[in-house]
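Which chain is which? The protein sequence lines are A and B, in order.
Mapping to this note's numbering: the first sequence position 43 is 43, numbers consecutive.
Mapping to this note's numbering: the second sequence position 69 is 1069, numbers consecutive.
Where a beta carbon is used, it is the ideal one built from N, C-alpha and C, also for glycine.
A short worksheet on the structure shown next.
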Amino acid sequence: GDSVTQMEGPVTLSEEAFLTINCTYTATGYPSLFWYVQYPGEGLQLLLKATKADDKGSNKGFEATYRKETTSFHLEKGSVQVSDSAVYFCALLPFQGAQKLVFGQGTRLTINP
Amino acid sequence: EPEVTQTPSHQVTQMGQEVILRCVPISNHLYFYWYRQILGQKVEFLVSFYNNEISEKSEIFDDQFSVERPDGSNFTLKIRSTKLEDSAMYFCASSARVMNTEAFFGQGTRLTVV
Chain A
1 GDSVTQMEGP VTLSEEAFLT INCTYTATGY PSLFWYVQYP GEGLQLLLKA TKADDKGSNK
61 GFEATYRKET TSFHLEKGSV QVSDSAVYFC ALLPFQGAQK LVFGQGTRLT INP
Chain B
1001 EPEVTQTPSH QVTQMGQEVI LRCVPISNHL YFYWYRQILG QKVEFLVSFY NNEISEKSEI
1061 FDDQFSVERP DGSNFTLKIR STKLEDSAMY FCASSARVMN TEAFFGQGTR LTVV
């Protein structure tokens, strides 16, 4: 079945460090891929998405590229800030029109000043 | 900015009791969802709801669970006869169309069964 595997957390970095959170997926069809973020006390928010191979999603300085050959959608940011501290979830939608998202387990990111 | 709101933020209940988790989706949205996350595990889909009926449910969503939209604004998840393993964070979500558009999630209700 469809599944998402994320890098184990927690991840702790210093401000202005480079961030990578790995995400790989297994899917039988042609999924869309997403990164959601959950700030403390808030709901899951869509951070970025990509709907087909080689698409790059970007938002708030974060980027992720849909790599079909490696079945990956790694999240990157060149210079993190304290305000980026949150839990990050990689997810896939198995096909267009699907009802449900398939999530990874989430990665807790803490940025120290 | 419109948002999905969930109440309560934390609920503690005794094993065997019934609980109702409440959600107010974004007002013009048509699709509604419940997900849960057991501590340390993945966020799991429970159920989707459209046009006043369940459109899809997972194997987790057995007869112990039910959903309804009682008054056109609230969307509730009822868990009958709670078990210890029902302890989890429950997320409600809504979307204007099917899930390939942006789904908006609530902040979650942490359910603790003791």
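Put residue i into one of helix, strand or coil per three-state DSSP.
{"i": "Ser3/A", "result": "strand"}
{"i": "Val1004/B", "result": "coil"}
{"i": "Val82/A", "result": "helix"}
{"i": "Glu63/A", "result": "strand"}
{"i": "Leu1084/B", "result": "helix"}
{"i": "Gln1011/B", "result": "strand"}
{"i": "Lys56/A", "result": "strand"}
{"i": "Arg1022/B", "result": "strand"}
{"i": "Arg1097/B", "result": "coil"}
{"i": "Thr1109/B", "result": "strand"}
{"i": "Thr110/A", "result": "strand"}
In its own chain, which residues sit with a C-beta less than 7 Å from the C-beta of residue i, not counting the 5 before and 5 after it?
{"i": "Ala53/A", "result": "Tyr66 and Lys68"}
{"i": "Gln1014/B", "result": "Val1114"}
{"i": "Gln1064/B", "result": "Ile1079, Arg1080 and Ser1081"}
{"i": "Gly1108/B", "result": "Gln1006, Met1089, Tyr1090 and Phe1091"}
{"i": "Pro113/A", "result": "Glu15 and Val82"}
Taking the CB atoms as reference points, tell me whether residue i and residue j lie closer together than 8 Å.
{"i": "Thr1112/B", "j": "Val1043/B", "result": "no"}
{"i": "Phe1105/B", "j": "Val1004/B", "result": "yes"}
{"i": "Ser1094/B", "j": "Phe1032/B", "result": "yes"}
{"i": "Gly106/A", "j": "Val87/A", "result": "yes"}
{"i": "Val4/A", "j": "Leu92/A", "result": "yes"}
{"i": "Gly9/A", "j": "Arg108/A", "result": "yes"}
{"i": "Asp2/A", "j": "Thr28/A", "result": "yes"}
{"i": "Ala1096/B", "j": "His1029/B", "result": "yes"}
{"i": "Phe1091/B", "j": "Leu46/A", "result": "no"}
Can you name, in chain order, every residue of its own chain whose Cβ lies under 6 Å from the Cβ of residue i, other than the five neighbours on each side?
{"i": "Gly57/A", "result": "Leu48, Lys49, Ala50 and Ala64"}
{"i": "Asp84/A", "result": "Ile111"}
{"i": "Ser79/A", "result": "Glu16"}
{"i": "Glu76/A", "result": "Thr20 and Glu63"}
{"i": "Thr26/A", "result": "Ser3"}
Listing by chain order, which chain A residues have their CB less than 7 Å from the CB of residue i?
{"i": "Phe1045/B", "result": "Lys100 and Leu101"}
Apart from the five residues just before and just after residue i, which ones in its own chain have a Cβ nearer than 8 Å to its Cβ?
{"i": "Thr1076/B", "result": "Ile1020, Leu1021, Arg1022, Cys1023, Val1067, Glu1068, Arg1069 and Pro1070"}
{"i": "Gly104/A", "result": "Val4, Thr5, Gln6, Cys23, Phe89, Cys90 and Ala91"}
{"i": "Tyr1050/B", "result": "Leu1030, Tyr1031 and Phe1032"}
Below 9 Å on C-beta distance, what does residue i contact in chain B?
{"i": "Gln105/A", "result": "Gln1037, Gly1040, Gln1041, Lys1042 and Val1043"}
For residue i, go through chain A and note every residue whose CB falls closer than 8 Å to its CB, in chain order.
{"i": "Phe1061/B", "result": "Simply none; closest approach about 11 Å."}
What does residue i touch in chain B if you count any residue whose Cβ is under 7 Å from its own?
{"i": "Leu46/A", "result": "Glu1102"}
{"i": "Glu42/A", "result": "Gln1107"}
Legend entry - Cβ contact check for the region 1079-1088 of chain B and the region 1015-1030 of chain B: 3 or more pairs under 8 Å: With a cut-off of 8 Å, the region 1015-1030 of chain B and the region 1079-1088 of chain B count as touching, because enough Cβ pairs lie within range.
Legend entry - Validate contact between the region 91-101 of chain A and the region 1051-1061 of chain B using beta carbons, cut 8 Å, 3 pairs: These segments touch.
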